[in-house]
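Asker:
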Amino acid sequence: MSAESSPRPESALPLGRELVLKVIPMPADCNANGDIFGGWVMAQVDLAGSVLPARHVQGRMATVAVNQFIFKQPVRVGDILSFFAHVERIGNTSITVQVEVFAEQFRSQGAYVKVTEASLTYVAIDDQGKPRKIPRGTVQAPT
Ligand SMILES: CC(C)(COP(=O)(O)OP(=O)(O)OC[C@H]1O[C@@H](n2cnc3c(N)ncnc32)[C@H](O)[C@@H]1OP(=O)(O)O)[C@@H](O)C(=O)NCCC(=O)NCCS
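Each residue of the sequence shown is one higher than the last, beginning at 136 in our numbering.
#1: Within this structure, are the beta carbons of VAL201 and VAL176 separated by less than 9 Å?
#2: From PRO270, SER229, ALA197, VAL222, pick the residue whose C-alpha is nearest to that of LEU187; which is it?
#3: What is the rounded straight-line gap between the Cα of ARG190 and the Cα of VAL212?
#4: Looking at the strands, I want to know which residues DSSP matches up with ALA220.
#5: Counting only the same chain and skipping the five closest in sequence on each side, list residues whose C-beta sits under 8 Å from that of ALA197.
#6: Quick check on DSSP: helix, strand or coil for LEU148?
#7: Assign GLY184 to one of two classes, buried (16 or more other C-beta atoms within 10 Å of its C-beta) or exposed (fewer than that).
#8: Report the residue from ILE269, GLY226, ALA220, PHE241 whose alpha carbon sits nearest the alpha carbon of GLN179.
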């Protein structure tokens, strides 16, 4: 990609979101175009999205839905990816989380470009894999 067509870096990272994962994709994570494979990004987002629900669920959970997934910009080998998450909704047995992914590109560390945003829902499950109620009052609201 030429310098003229590079996406403009974000001026600021999202407020009120928690940094839940940082990872650097490697050549083995590429698709046939040489960009990072979308399925690899989805797997990282699923892991990152589970971090905040895990604090509430206090046990087993499963991803029940990917409500939305937008690949806004390609990800390249060597980008430093930062995953920020925010709990959108806590239901009876489920928690919905928004995940935003920002890249510091290989030669532009410190400048952040949003590459992906997604919404996922996780369900607390019991030992039989059935939905169970999310325990209340176990987590302090993040400040
Ligand atoms: C997760 C699972 C246990 C839920 O069982 P279920 O019988 O469908 O559960 P329910 O219909 O009672 O719904 C449970 C919760 O999930 C939510 N939910 C169910 N389907 C949903 C969907 N498509 N989108 C968003 N939320 C959904 C319900 O709203 C409910 O939330 P609430 O209790 O907070 O209101 C079951 O679907 C399952 O085992 N799925 C496979 C999970 C898995 O293997 N994930 C990894 C995929 S690689």
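The beta carbon of each residue, even a glycine, is placed where N, CA and C say it ideally should be.
Answerer: Well, looking at it:
#1: Sequence index remark: in the sequence shown, residue 201 carries index 66 (1-based). Sequence index remark: in the sequence shown, residue 176 carries index 41 (1-based). Not a contact, by the Cβ cut-off of 9 Å.
#2: On the sequence shown, position 52 is the one that residue 187 refers to. Nearest of PRO270, SER229, ALA197, VAL222 to LEU187, Cα basis: VAL222.
#3: Start at 1 with the first residue of the sequence shown, and residue 190 comes out as number 55. Start at 1 with the first residue of the sequence shown, and residue 212 comes out as number 77. ARG190 and VAL212: Cα-Cα distance of roughly 31 Å.
#4: Counting from one through the sequence shown, the residue named residue 220 turns up at place 85. The partner list for ALA220 (beta bridge, DSSP) reads GLU153, VAL234.
#5: Numbered from 1 along the sequence shown, position 62 holds the residue referred to as residue 197. The answer, listed in chain order, is TYR257, VAL258, ILE260, GLY264.
#6: If you number the sequence shown from 1, residue 148 lands on position 13. Reduced to three states, the DSSP call for LEU148 is coil.
#7: In the sequence shown, counting from the first residue as 1, residue 184 sits at position 49. GLY184 should be labelled buried.
#8: Counted from its first residue, the sequence shown places residue 179 at position 44. Closest option to GLN179, judged by alpha-carbon separation, among ILE269, GLY226, ALA220, PHE241: ALA220.
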